[in-house]
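Same order as they appear, the protein sequences are chains B and P. Letter by letter, the first sequence follows residues 1 to 102 in the numbering used here. Letter by letter, the second sequence follows residues 1001 to 1165 in the numbering used here. Ideal Cβ placement from N, Cα and C applies to all residues, glycine included. Quick caveat, the model's predicted, so the values are computed rather than measured.
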Amino acid sequence: MAQTEAPIAPPKTGEQEKTEPRDLRDRGYLVICWNDPVNLMVYVTHVFQVVFGWPKPRAERHMLQVHESGKSLLVRETFEKAEHYVHQLQGYGLHATMEREE
Amino acid sequence: MKLVRLQKSAHGAGSYVFQISKNEMDWLVATLRFFPQRESPCYQLTRGDAKDLKGGQALLEEALSQQRREHQRKLNKFLTSPGRFRPEGPDQFRLVLPVEQMEWMLQVLNEVRVGCWMKLGSPELEKRFDRELTPEEGRLMATLELSGFFQTVLLGACDGKGEAA
């Protein structure tokens, strides 16, 4: 793991789970990273390690999937957590989006 | 520019100590001064058409605009901090970057790189331009390459590579 900051913790949703509708609580939201030719491969790997706290091999596997397949499904999460991750990834300049699982 | 050592601290995660030449120092400062380059701080939140996601676009733009202002503030402090680059010998300087500064500097350098690429028309970087670049395009391409160079050095340091013997 890169020797930088600890993984960025997603928001806790315990309290929200009691009040929000079920469809927002379910882990039905996909965080996808899309390929672009400008972000360095080592940078993308580093960002995945920092944002998700993944070990380097897992981060590299997703980075290569982005590079070779044009996109990679990174995580399937609740609305709040998926939104948090997209904010983090875009903050690093990666082309990440969240999509509702069909 | 190369990593000399990772300096541990009793109070925090420590600092990266780099040796940097005069030319590299000037290039690093010049590259950082180009921040920000992108017109918008973010992409679309979603490519789909789910209504509950469309509402989050404004929140994303607000969050990343705030982040951009914070980066600018830290960058101004970094660039105006006396003794940031400490002379060490003929043409050599020492740059100490605390661990917590590495992430925002990587983000700033990447913003400059991506912004230059967008202004160049988002070209395939592995292909050569089939025409002569204008002076402005040449400046953008040079800045893009320099930001990538410094990103690579910083990432190598994060990964424990490049430490001098």
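Residue closest to residue i, alpha-carbon to alpha-carbon, out of the options
| i | options | result |
| --- | --- | --- |
| L1059(P) | R76(B), Q88(B), G53(B), G70(B) | Q88(B) |
| W1117(P) | E1137(P), M1105(P), L1106(P) | E1137(P) |
| R1084(P) | V1096(P), Q1092(P), D1091(P), L1075(P) | V1096(P) |
| F79(B) | M98(B), K56(B), F52(B), M41(B) | M98(B) |
| A96(B) | W54(B), E60(B), V44(B) | V44(B) |
| R1139(P) | A1050(P), Q1037(P), L1053(P), R1094(P) | Q1037(P) |
| D1159(P) | K56(B), E83(B), E77(B) | K56(B) |
| W1104(P) | V1153(P), T1080(P), S1122(P), L1075(P) | L1075(P) |
| L73(B) | H46(B), W34(B), V38(B) | W34(B) |
| G1148(P) | G1121(P), E1132(P), G1115(P) | G1115(P) |
| R1073(P) | F1035(P), R1094(P), P1082(P) | F1035(P) |
Reduced DSSP category for residue i - H, G, I as helix; E, B as strand; rest coil
| i | result |
| --- | --- |
| V31(B) | strand |
| S1040(P) | coil |
| V1114(P) | helix |
| K71(B) | strand |
| L1006(P) | strand |
| M1141(P) | helix |
| F1018(P) | strand |
| E1132(P) | coil |
| E1124(P) | coil |
| T1031(P) | helix |
| M1001(P) | coil |
| T1152(P) | helix |
Residues that residue i contacts on chain P, provided the C-beta gap is smaller than 7 Å
| i | result |
| --- | --- |
| R100(B) | G1048, A1050, L1053 |
| E83(B) | G1056 |
Neighbouring residues, chain P, relative to residue i (Cβ below 8 Å)
| i | result |
| --- | --- |
| Y43(B) | L1106, N1110, Q1151, L1155 |
Whole-number beta carbon distance between residue j and residue i, since they are thought to touch under 8 Å
| i | j | result |
| --- | --- | --- |
| N1110(P) | G93(B) | 4 Å |
| V42(B) | L1155(P) | 5 Å |
| I32(B) | K71(B) | 5 Å |
Partners in chain B for residue i, counting only beta-carbon separations shorter than 8 Å
| i | result |
| --- | --- |
| Q1044(P) | T97 |
| E1252(P) | For chain P, the structure presents residues 1001 to 1165; residue 1252(P) sits outside this window and is missing. |
Cross-chain neighbours of residue i in chain B, by beta carbon under 7 Å
| i | result |
| --- | --- |
| R1113(P) | V38 |
| A1063(P) | H87 |
Neighbour list for residue i in chain B, Cβ cutoff strictly below 9 Å
| i | result |
| --- | --- |
| W1027(P) | Those do not exist, as W1027(P) stays about 17 Å from chain B at its closest Cβ, beyond 9 Å. |
| L1125(P) | P37, V38 |
| L1060(P) | E83, V86, H87, Q90 |
Closer than 9 Å at the beta carbon, the chain P residues around residue i
| i | result |
| --- | --- |
| Q65(B) | Chain P residues near Q65(B): none, gap ~17 Å exceeds 9 Å. |
Contiguous beta strand (DSSP E) assignments of at least 3 residues, all confined to the segment 1065-1106 of chain P: 1085-1089, 1092-1098
Minimum length 4: unbroken alpha helix (DSSP H) runs contained in the segment 36-89 of chain B: 41-52, 56-69
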